[in-house]
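Numbering-wise, the sequence shown is residues 1 to 160 according to full-length UniProt numbering. The structure appears below as structure tokens.
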Amino acid sequence: MPTEPGDNPPSEREALVGAVLLGGRVLSTAAVMYHSRLAQLQGLSHPSDAKALDLIVRYGPMTAGQLAERSGLAPASITGLIGRLEAIGAARRVPHPDDGRKILVEFNPQYEIDNLPLFDDLVRLLRGQLDDYSDEHLQVIAKYLTDAAELQTEATRLLG
């Protein structure tokens, strides 16, 4: 935000916080654009389909309700999302092993085999960048990204 004549310039801390917040916005935009293109290449309708699939990959099979909770998406949105993932062979519904009334959504590993090469360039580029940072820096970056992701998931829930 530009300062007006007579305003106090932002402190060094405020300037750093502003730079981190701006960097987050820039990264978020780049990530959405990247994942939008990936979604197209993978036959997905929307980047949120790919990110929901990633939750299933990372946390294992889950119910539709658990997927809604982890993603922060409305439960009504999840049914259609699961249908779209099934339609392209990325996920499948299976009976819950402990409760026959429930259905789990699980990842289809063949989908990963077919699509993993799409990530090769990004992973290579990011690993190259991470070589520039010390282990201590990487610990801070990892903590920040994890904490920021949790806060963004909470903010998604708060949107209703």
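Using N, Cα and C, we set each Cβ at its ideal position, and we do this for glycine too.
Checklist line | Neighbourhood of residue 177 by C-beta, 6 Å cutoff - its chain only, sequence neighbours within 5 removed | finding: Summary: the structure shown does not reach residue 177, with the chain confined to residues 1 through 160, and so no result is reported for it.
Checklist line | Three-state secondary structure assigned by DSSP to R84 | finding: helix
Check: Nearest-angstrom Cα distance between A39 and D98?
Finding: 33 Å
Next item on the list: Could you pull out every unbroken alpha helix (DSSP H) segment of at least 4 residues lying fully inside the UniProt domain "HTH marR-type" (37-134), listed in chain order?
Entry: 47-59, 64-71, 75-87, 109-115 and 120-130
Next item on the list: Would you tell me roughly how many angstroms separate the C-alpha atoms of V94 and R84, rounded to the nearest one?
Entry: 16 Å
Check: Sorted by chain position, which residues of the same chain lie with C-beta nearer than 7 Å to N115's C-beta, five sequence neighbours on each side aside?
Finding: Q42
Checklist line | Among Y111, L118, E112 and A91, nearest to V105 - alpha-carbon criterion | finding: A91
Next item on the list: Please check the pair P75 and G65, which I expect to be a contact at CB under 8 Å, by giving their CB distance rounded to whole angstroms.
Entry: 7 Å
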